[in-house]
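**Student:**
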Amino acid sequence: MTGSRKYYMIIKIHKTSAISSNTGSSSNLIEYLEKENRDKDILEHEYFFNNHKDSINAVTAERMLDGNKGRLGKDETKFYMMTVNPSEKEIRHIQGDQDKLKSYVNDLMDKYADNFNREYKDGTKLSGKDIMYFAKVEHERTYKFGDKRFAKELRYNTAIRKEIVKHSGDKQKVRELEKQYIRNPEGTPILEGAKKDGNNLHVHIVVSRYDYQQKFKLSPLANQRGGKGILDGKEHSKGFNRDNFVATGEALFDKKFGYSREIRDSYNYRLNYGMIIGATNPKSLAKMIAKRAILESIKDKSLQKATGVALGHPKYLPKKVVNEIEKKAVKAILQSFEKGAYTNPVTAGINITKKVISQVGKQISRAASI
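Residue numbering for the sequence shown follows this note's numbering, beginning at 110 and increasing consecutively.
The following block contains the structure:
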């Protein structure tokens, strides 16, 4: 398998595409998701599923989605599409068991609901069972020009294919040109429409804008903003935190299946690691975060106050104390990386370092009083 899916899961909420405008009927999208069934015997068809039922036909999925418009205007979004793309390593871990993947997706929709932080009038919290969605397992993926990971290969191979068409009458020339194709590990030329190599097990989810009761309009593309909103007399957060949703989705997979995720394969690591130039591995990133927090604490003199060192110039701070703080902070930050406990590990790492400064200060105070 080539590309980033080899290493880590991709959970994506898609914007409107040419496949289907999401302000009208879901028919085009549902029909598109039936593509793998077209050449199969009806007994081998893959059906839609959700946390209420395992085998839902396309007609029912479309009818229910289109019937859940409520008070939405003709130009308002009626549904969204998401994809859950486990990595090669994650697929191997669950032995390619699509029933396990279905169970995971149903649990993931609880996390989806949690992210909106909504409650009904009776105090019941919005859950995955309140979300109208229809999910579909797929086994194949094809190369598309929109895929940035293969843009260079697709451009090159498309040019080769044009030359092959031009010299179609010259078999020797065609054979020579075919040898120039860039191919994937299974030997398939990387061309638009060609099947990708490896196990491409993944899930598409079509989710309604409204919950089943049509009490909440839910948009996963609405950016989370500061402040609160009021609905039915209850306070709730505004928007949807997509970073948090993806991070909790990863953590859910790890916990559900006992999967040990390497730091480098985590969403939190990808989200923040590439933003800090010079960090070559998790430990160097942790050191950079710790040093930044220590410098901030020296600047606002909170480090001096915590350690009881009332010096006029920062360069005269005891190096032993500063080194001890950095060492302990790096260790604690790395542990937080391993747990994947925070949506933004950079901010969390700074806060962890400041806690370490406070702890070291208390130790110094206790030692001084003995």
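No residue lacks a Cβ here, since even glycine has one placed at the ideal position from N, Cα and C.
1) Starting from Ser317, trace the beta strand (DSSP E) in both directions and tell me its first and last residue.
2) Taking the alpha-carbon positions, what's the Val193 to Ile466 distance?
3) Quick one: residues in its chain with C-beta nearer than 6 Å to the C-beta of Ser134, no 5 flanking neighbours on either side, listed in chain order?
4) So His202 is in the alpha helix (DSSP H); what residue range does that whole segment cover?
5) With a threshold of 16 other CB atoms inside 10 Å of the CB of Leu404, please say whether the residue is buried or exposed.
6) I'd like the ranges of any beta strand (DSSP E) spanning at least 3 consecutive residues and lying wholly in the segment 353-416.
7) Give the DSSP bridge partners of Asn332, in chain order.
8) Decide if Val168 is buried, meaning its Cβ has at least 16 other Cβ atoms within 10 Å, or exposed.
9) Report yes or no: do the segment 296-314 and the segment 236-255 share at least 3 C-beta pairs separated by less than 8 Å?
10) Between the alpha carbons of Lys209 and Leu142, how many angstroms are there, rounded?
11) Which whole runs of the beta strand (DSSP E) in the segment 247-329 are 3 residues long or more, in chain order?
12) Considering just the uninterrupted stretch of the beta strand (DSSP E) at Met118, what are its terminal residues?
13) Count the other C-beta atoms from every protein chain shown that fall within 10 angstroms of the C-beta of Thr462, then say buried if there are 16 or more, exposed otherwise.
14) Between the alpha carbons of Lys144 and Lys400, how many angstroms are there, rounded?
15) Give me the Cβ distance between Arg351 and Ile119, rounded to the nearest whole Å; I'm assuming they're in contact under 8 Å.
16) Answer yes or no: do Asn159 and Asn215 have a C-beta to C-beta separation smaller than 8 Å?
17) Quick check on the burial criterion: 16 or more other C-beta atoms within 10 angstroms. Buried or exposed for Val439?
18) Please return the same chain residues whose Cβ sits closer than 6 Å to the Cβ of Tyr319, not counting the five positions on each side in sequence.
19) Would you kindly report the start and end of the unbroken beta strand (DSSP E) that includes Thr192?
20) In three-state terms, what does DSSP make of Glu185?
21) Pick helix, strand or coil for Tyr491, following the three-state DSSP scheme.
22) Give the DSSP-derived three-state secondary structure of Tyr141 in the structure shown.
23) Looking only at C-alpha atoms, which of Gln472, Phe243, Ile442, Asp239 sits nearest to Val315?
24) In or out: Val274 buried (at least 16 other Cβ within 10 Å) or exposed?
25) Given this structure, state the Cα-to-Cα distance separating Ile459 from Asn432, to the nearest angstrom.
26) Could you check where the alpha helix (DSSP H) with Glu501 kicks off and where it finishes?
27) To the nearest angstrom, how far is the alpha carbon of Lys414 from that of Val469?
**Tutor:** Here's the rundown:
1) Your numbering for residue 317 matches position 208 in the sequence shown. Counting along the chain, the beta strand (DSSP E) containing Ser317 begins and ends at 311-320.
2) Position 84 of the sequence shown, counting from 1, holds the residue named residue 193. Position 357 of the sequence shown, counting from 1, holds the residue named residue 466. Taking the straight line joining both Cα atoms gives about 41 Å.
3) The residue labelled residue 134 in the question sits at position 25 within the sequence shown. Cβ within range, chain order: Asp175.
4) Within the sequence shown, numbered from 1, the residue matching residue 202 stands at position 93. From DSSP, the alpha helix (DSSP H) with His202 extends over 197-202.
5) Locating residue 404 in the sequence shown gives position 295, counting from the first residue. Answer is exposed; the Cβ neighbour count stays below 16.
6) none
7) Within the sequence shown, the letter at position 223 stands for residue 332. Answer is Phe349.
8) The residue labelled residue 168 in the question sits at position 59 within the sequence shown. When all chains shown are included, Val168 counts as exposed.
9) yes
10) By one-based count along the sequence shown, residue 209 stands at place 100. By one-based count along the sequence shown, residue 142 stands at place 33. Taking the straight line from one Cα to the other gives about 20 Å.
11) 311-320
12) As a position in the sequence shown, residue 118 is number 9, starting the count at 1. Where Met118 is concerned, there is no enclosing beta strand (DSSP E), given that its DSSP letter is neither H nor E.
13) For the purposes of this step, residue 462 is taken as residue 353 along the sequence shown, with counting starting at 1. That one is buried.
14) Translated into the one-based positions of the sequence shown, residue 144 becomes position 35. Translated into the one-based positions of the sequence shown, residue 400 becomes position 291. Roughly 53 Å between the two C-alpha positions.
15) Locating residue 351 in the sequence shown gives position 242, where the first residue counts as 1. Locating residue 119 in the sequence shown gives position 10, where the first residue counts as 1. The pair is not a contact, with the Cβ atoms about 12 Å apart (cut-off 8 Å).
16) Residue 159 sits at position 50 when you count from the first residue of the sequence shown. Residue 215 sits at position 106 when you count from the first residue of the sequence shown. The answer is yes: Cβ separation under 8 Å.
17) Working through the sequence shown from its first residue, we reach residue 439 at position 330. Buried is the call here.
18) As a working mapping, residue 319 is identified with position 210 in the sequence shown. Cβ within range, chain order: Asn177, Gly179.
19) Locating residue 192 in the sequence shown gives position 83, counting from the first residue. That run of the beta strand (DSSP E) goes 188-194.
20) In the sequence shown, residue 185 corresponds to position 76, counting from 1. Reduced to three states, the DSSP call for Glu185 is coil.
21) Any answer about residue 491 is impossible in this case: the structure gives the chain only from 110 up to 479.
22) As a working mapping, residue 141 is identified with position 32 in the sequence shown. Note: Tyr141 maps to helix in three-state DSSP.
23) Position 206 of the sequence shown, counting from 1, holds the residue named residue 315. Nearest C-alpha to Val315: Phe243.
24) Here residue 274 refers to the residue found at position 165 when the sequence shown is read from its first residue. When all chains shown are included, Val274 counts as exposed.
25) Counting from 1 along the sequence shown, the entry for residue 459 is found at position 350. Counting from 1 along the sequence shown, the entry for residue 432 is found at position 323. Going from the Cα of Ile459 to the Cα of Asn432 covers about 16 Å.
26) As shown, the chain starts at 110 and ends at 479. That puts residue 501 outside it, with no answer to give.
27) Residue mapping note: residue 414 aligns to position 305 of the sequence shown, counting from 1. Residue mapping note: residue 469 aligns to position 360 of the sequence shown, counting from 1. Each residue's Cα considered, the two are about 11 Å apart.
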